[in-house]
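>
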Amino acid sequence: MDIDLMLSLLPDFGAGVLHTLGLVIAALAGGLSCGFIAHMLRETGRRPFVWLYWAYTVAWRGVPFLIHLFIVYFGLPSVGISLDPYAAAAITLSIYSGAYFAEIFRACWESIPAGQIEAAQVMGIDRRRIFRHIQLPQALRAAVPLVAHQTVLLVKESALASVITYPELTLTASRIVSAQFVYVEPYILLAGCYWLLALAIGRIGKLLARRLARGLA
């Protein structure tokens, strides 16, 4: 293993990390928004919205992300919609992860004891205050570890954006391998970058969970 070679490759991987983070942050924001909207539509209890929720979550979770990415990037131009690699990957990852976040929100919402809601209603507390002071804090506390885990998976899924030539970490390593005909060093650096990102996300998730726990104590 050539340490000098690995050191010389660090700037390239630094750029790859920035591109990966740019994609993941955009997809995380979009995914959380999609998931929350889908969950709130389901919570209305109206049949069309409930059906739409299940159609969305089943369709997007039941098909591999790469297939969705191919449809968006290669299929949409046939109907006059062309997206650059970043936009295609960010939009697809947002909608794809949103289906998982919607299920996370649903599970966390349903974990709140019904007795608490009933007691608040008996006391005359309106629905808005019940949502703000009882349901939302507890749901957030339960959701943080799951969202952190899903974000780690999101980082891993972002590697597939290399297939449509978005210059994230995996494509960075592949280009180095193709140009320099070295294999061990680039892929060790690639694995290390993903490991550090996962470690950082897990740490942030734990810190947020502790802060929320103190806030509810």
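Using UniProt numbering, the first residue of the sequence shown is number 1, and each one after it goes up by one.
We put the CB at the ideal spot given by N, CA and C, even for glycine.
From a predicted model like this one, the values you see are computed outputs, not experimental measurements.
1. Count the other CB atoms, across all protein chains shown, that sit within 10 Å of the CB of residue 203; report buried if there are 16 or more and exposed otherwise.
2. Counting only the same chain and skipping the five closest in sequence on each side, list residues whose C-beta sits under 7 Å from that of residue 79.
3. Flag this pair as yes or no: are the beta carbons of residue 168 and residue 178 separated by less than 9 Å?
4. Going straight from the alpha carbon of residue 20 to that of residue 53, what length do you get?
5. Is it the case that the Cβ atoms of residue 129 and residue 120 are separated by a distance below 9 Å?
6. Using 8 Å as the threshold, is the segment 24–40 in touch with the segment 102–116, meaning 3 or more CB pairs across them?
7. Do residue 218 and residue 24 have their CB atoms nearer than 9 Å?
8. In this structure, how does DSSP classify residue 186 when only helix, strand and coil are distinguished?
9. How about the segment 175–191 and the segment 132–148: do they share at least three Cβ pairs that are nearer than 8 Å?
10. Using a Cβ-Cβ cut-off of 9 Å, state whether residue 10 counts as contacting chain C.
Taking the coordinates as given:
1. Here residue 203 refers to the residue found at position 203 when the sequence shown is read from its first residue. Per the 10 Å Cβ criterion, exposed.
2. Taking the first residue of the sequence shown as 1, we reach residue 79 at position 79. Closer than 7 Å at Cβ, skipping near neighbours: no residue.
3. What you label residue 168 is simply residue 168 of the sequence shown in a count that begins at 1. What you label residue 178 is simply residue 178 of the sequence shown in a count that begins at 1. Contact: no.
4. The residue labelled residue 20 in the question sits at position 20 within the sequence shown. The residue labelled residue 53 in the question sits at position 53 within the sequence shown. Taking the CA atoms as reference points, residue 20 sits about 29 Å from residue 53.
5. For this step, residue 129 is matched to residue 129 along the sequence shown. For this step, residue 120 is matched to residue 120 along the sequence shown. In contact: residue 129 and residue 120 (Cβ atoms closer than 9 Å).
6. In this structure the segment 24–40 lies against the segment 102–116, because at least three pairs of beta carbons, one per stretch, are closer than 8 Å.
7. Limits of the chain in this structure are 1 at one end and 217 at the other, which puts residue 218 out of reach.
8. Taking the first residue of the sequence shown as position 1, residue 186 is located at position 186. It is helical.
9. Fewer than three Cβ pairs drawn from the segment 175–191 and the segment 132–148 lie within less than 8 Å of each other, which leaves the two stretches out of contact.
10. This model lacks chain C altogether; it includes just one protein chain.
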